[in-house]
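Colleague:
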Amino acid sequence: MKSLNPFDKFNVQSIPLHGDISILSAAHEPEYFPHREEQIEKMVNSMRGLMMGMKTNHLLIYGKTGTGKTSVTKYVASKLNEKMDGNLVISYINCQAYDSPYSIMVNIAKKIPGAENIPVSGWPLDRIYDELVIAMSKSGIPVVVILDEIDKLVEKNGGDSLYMILKLLDENAGIRGNVVGITNDTSFYEKLDSRIKSRLNRDSVIFHPYNTEQLKDILIPRISSILGPEQYEEAAINLCAAIGAQEHGDARKAIDLMRISIELAMLESASVVEREYVYRARDKLDSDILRDTVITLPTHAKLVLFSVIMSRQIHPNSATTGEVGLYYEKICFIAGYTPLTSRRVSDYISDLEDYGIISTMLKSLGRYGRTRLINITAREEDIKNFILEDLDLEKLRSVNFSLQQKFE
DNA sequence: ACTCCACAGGAAAATTGGGGTA
DNA sequence: TACCCCAATTTTCCTGTGGAGT
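Structural data, given as structure tokens:
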């Protein structure tokens, strides 16, 4: 067999795109939002008072992931800014990343003229608060504070962060601003305590999940801006839309699937994006998401996860918190870490469940106590390999899962 | 009907660490 | 330098509980 020049691989006859595929990337900020007219109108009505120098109601946005909450909110805010000739400060804060009163105020301060130099830590809270009040009053520019995943603020320090920010915007005469809170937790409002509730109950907008037809309306304009009709199967788009609709009407998922399908087709020099690529894109996407989740886990979360896998492989039916804890201590010893307390391990198990890597069921074993039965929802081999990518956990490679006696 | 296991999970204290001021 | 403020993480201490065994 004649040897191939490896660089031939660079000469792929890929599908000729007549547009930029980044229109299907997560970073793309669209200008058109099919089936979101109603929501946009409500938001505009709620916020336009800012243009007329009024204080406006705070706004709560509800909707599952991939229903367009964040994109639409940013879009509406930027449109408003345009109308006001740039005389609006838009502070977008992801509360998953910034959830303390301090970090949120620093984030707002970064955008306020005269307050940019507040240090990221060190100052007493009331000092940064006061400086912020002074700078905001002096500049007089209205502020829109977008709090994405606002529910994280309440879970955390009992709503102190949220209360502080509402106080900042509401109780200072010289300051005009409103909060746009985004959440996928429909019971969010119920969890608030009354001092916050009374300020937040004015306006809310709900983003319903997209159905298959609506997802197609989102996908088709984007696809046709980069591919000709002969370059993709309609069935492929339908499939992306259908999968997205299954996943709580998730447009992001549908779009990701489409992008990956096209990329896979290009890599194989296919001339048409067929359904088959969508199926493969789904597998790749699931695996990528899992990998992303696992490799960014804190070290001890990885150790706990590793112990769960271990426990399930040795005693498939009895992975309980206590059992996992036992293996965890041994795993820590092997990896050269001091184990954390069982209370902490228990929390990590809950975290892993939140991430969807494992599932648990609280069950009472009568005389034998009450504990959680733990299951793994993703492929164990994959998880294991992703954990072992961590160079600090090199030593776990030597763990032999079949040799139970080693741990007795 | 009563016990008591093996935890769940809340509250608060303690520790660690990054950054400030004087 | 000593000392203060705050955030994040972990430990300590704790109360609560479904149901098998008795």
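Residue numbers are given in the working numbering: position 44 of the first sequence equals residue 44, and the series is strictly consecutive. Yeah, the Cβ is synthetic: ideal placement off N, Cα and C, and Gly gets one too.
Cα separation between GLY63 and GLU38?
Modeller: Roughly 14 Å separates the two Cα atoms.
Colleague: Give me the Cα-Cα distance between GLU171 and LEU393, rounded to the nearest whole angstrom.
Modeller: Those two C-alpha atoms are separated by around 51 Å.
Colleague: Express the C-alpha separation of SER346 and PHE386 in angstroms, rounding to a whole number.
Modeller: Roughly 22 Å between the two C-alpha positions.
Colleague: Look up THR371 in the DSSP assignment and give the residues it is bridged to.
Modeller: For THR371, which the question treats as bridged, DSSP gives the partners LYS363.
Colleague: Any chance the segment 311-319 sits against the segment 373-381, with 3 or more Cβ pairs inside 8 Å?
Modeller: With the cut-off at 8 Å, the segment 311-319 and the segment 373-381 touch.
Colleague: Which of helix, strand or coil does DSSP assign to VAL180?
Modeller: Reduced to three states, the DSSP call for VAL180 is strand.
Colleague: Report back the beta-carbon spacing between ILE237 and ILE223 to the nearest angstrom; my notes put them in contact at under 8 Å.
Modeller: Between ILE223 and ILE237 the Cβ distance is about 6 Å, and since that is below 8 Å, they are a contact.
Colleague: Which residue wins for smallest C-alpha separation from LEU362, given the options ALA319, ARG370, TYR355?
Modeller: Checked all of ALA319, ARG370, TYR355; the closest Cα to LEU362 is ARG370.
Colleague: I need the boundaries of the beta strand (DSSP E) containing SER198, first residue and last residue.
Modeller: Run containing SER198: none in the beta strand (DSSP E); it sits in the alpha helix (DSSP H), 194-200.
Colleague: Tell me the start and end of each unbroken alpha helix (DSSP H) in the segment 95-137 that is at least 4 residues and wholly inside, in chain order.
Modeller: Complete alpha helix (DSSP H) runs here, min 4: 101-109.
Colleague: Considering only their Cβ atoms, is the gap separating LEU264 from LEU282 smaller than 8 Å?
Modeller: A quick correction: the sequence has Arg, not Leu, at residue 282. Not in contact: ARG282 and LEU264 (Cβ atoms no closer than 8 Å).
Colleague: Mapping the DSSP letters down to three states, classify PHE207 as helix, strand or coil.
Modeller: Strand at PHE207.
Colleague: Could you tell me whether the Cβ atoms of ILE447 and THR73 are closer together than 8 Å?
Modeller: Because the chain here runs from 1 to 408, residue 447 falls outside it and cannot be looked at.
Colleague: Within the same chain, show all residues whose beta-carbon is closer than 8 Å to that of ASP390, passing over the 5 residues directly before and after it, in chain order.
Modeller: Excluding positions up to five away in sequence, the list reads ILE295, THR299, LYS302.
Colleague: Provide the residue(s) that pair with ASP439 in DSSP beta bridges, ordered along the chain.
Modeller: The requested residue 439 is not part of the displayed model; the chain covers only 1 to 408.
Colleague: Note down the Cα distance separating GLU329 from LEU290, rounded to an integer number of angstroms.
Modeller: In a straight line, the C-alpha of GLU329 is about 25 Å away from that of LEU290.
Colleague: Is GLY177 closer than 8 Å to LYS138 when the C-beta atoms are compared?
Modeller: Cβ distance not < 8 Å, so LYS138 and GLY177 don't count as in contact.
Colleague: By alpha-carbon positions, which one of VAL133, ILE150, ARG275 ends up nearest to CYS240?
Modeller: Checked all of VAL133, ILE150, ARG275; the closest Cα to CYS240 is ARG275.
Colleague: Say whether the segment 44-61 touches the segment 96-110, bearing in mind that this needs 3 or more beta-carbon pairs closer than 8 Å, one atom from each stretch.
Modeller: No, the segment 44-61 does not touch the segment 96-110.
Colleague: When you compare each of TYR355, GLY356, ILE146, PHE333 to SER398 by their alpha carbons, which one comes out closest?
Modeller: The shortest C-alpha separation from SER398 is found at PHE333.
Colleague: Report the option in TYR129, ARG343, LEU162, ASP256 whose CA atom is closest to the CA atom of HIS28.
Modeller: When each option's Cα is compared against that of HIS28, the closest is ASP256.
Colleague: Assign ALA235 to buried or exposed, taking buried as 16 or more other Cβ atoms, counted over all protein chains shown, within 10 Å of its Cβ.
Modeller: It is exposed - the Cβ of ALA235 has fewer than 16 other Cβ atoms within 10 Å.
Colleague: Can you say whether HIS58 is buried or exposed, counting buried as having 16 or more other CB atoms within 10 angstroms of its CB?
Modeller: By the neighbour-count rule (16 or more Cβ atoms within 10 Å), HIS58 is buried.
Colleague: Rounded to whole angstroms, how far is the Cβ of LYS253 from the Cβ of ILE260, which I believe are closer than 8 Å?
Modeller: Not quite, the Cβ-Cβ distance comes to about 11 Å (not below 8 Å), so this is no contact.
Colleague: How long is the line joining the alpha carbons of ALA378 and SER318, rounded to whole angstroms?
Modeller: Taking the straight line joining both Cα atoms gives about 18 Å.
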